[in-house]
Amino acid sequence: MPSVNLKVAGFDKGRSAPSGPKKILACDGGGILGLMTVEILARLEADLRARLGKPALVLADWFDFVCGTSTGAIIAACISTGMSMEKIRTFYVESGEQMFDKASVFKRLRYSYNDEPLAAKLRTELNQALGYSDGAPPAMLGDVGLRTLLMMVLRNHSTDSPWPVWNNPGAKYNQRDRKDCNLNLPLWQLVRASTAAPTFFPPEVVTFAPGTPNEYQFVFV
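Residue numbers for the sequence shown follow this note's numbering, so the first one is 330 and each next one is one higher.
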């Protein structure tokens, strides 16, 4: 694992060191069934609080590296921002119907859900968890408020390949002097792109190096 510049990423020295044991959490997808994962992790968080005598502990305090794909990326990103599992559970329970709203009859010919409520909810919840006020620009993948290493796996339809993105500044494509640096991509949009399975949500188009002569787009499904 490449070392992490602590002035860029919000990780403590121990978990960002390239050597030594690391605690890794991987969250699979499954649509609203992700609530099952949430319940398991909520029990784990409660047990850790009791065992360690830390009633305010969240899983970002325990895991060094959190990964996710599809709706598992939603859980992973929320954990990395420092949300408690109670908060994530509330997010799923109160917003599940909105996030996974049935598509119109026309859209149902191709997709199972309407993506717009999910996109809006992700922008709001992730920004709030990272301490941004309403109306602030969206948090980026390289936001210093993220408390763990975070990886999300997307499927790049443009290149027909898996597309892992993560917030380690030492990783490939994460150099800050690159105009298309992955760390400068909106966090909510990468989470949304990871959920873009064709049978669930419409594709997500992500623009790299926006506003420059090198601007280009990838389509994620």
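Don't be surprised by glycine CBs; every beta carbon is placed ideally from N, CA and C.
Coarse secondary structure for residue i, derived from DSSP in three states
i           : result
residue 541 : coil
residue 367 : helix
residue 419 : helix
residue 456 : helix
residue 468 : coil
residue 354 : strand
residue 385 : coil
residue 397 : strand
residue 331 : Note that residue 331 scores a pLDDT of 42, beneath 50, so its modelled location is shaky and nothing firm can be said.
Proximity to residue i [Cα-Cα], best of the options
i           : options            : result
residue 370 : 399, 404, 361      : 404
residue 415 : 502, 373, 513      : 373
residue 423 : 353, 454, 479, 510 : 454
residue 389 : 538, 354, 499      : 354
residue 418 : 364, 480, 384      : 364
residue 488 : 392, 396, 546, 409 : 546
residue 411 : 493, 474, 537      : 474
residue 539 : 519, 406, 502, 514 : 514
residue 398 : 358, 409, 367      : 358
Whole-Å CB distance - residue i paired with residue j, under 8 Å assumed
i           : j           : result
residue 360 : residue 400 : 6 Å
residue 496 : residue 478 : 6 Å
residue 505 : residue 512 : 7 Å
residue 387 : residue 409 : With a Cβ gap of about 10 Å, residue 387 and residue 409 do not count as contacting.
In chain order, each alpha helix (DSSP H) run of at least 4 residues that lies wholly inside the region 474-526
Runs of the alpha helix (DSSP H) inside the region 474-526: 516-523.
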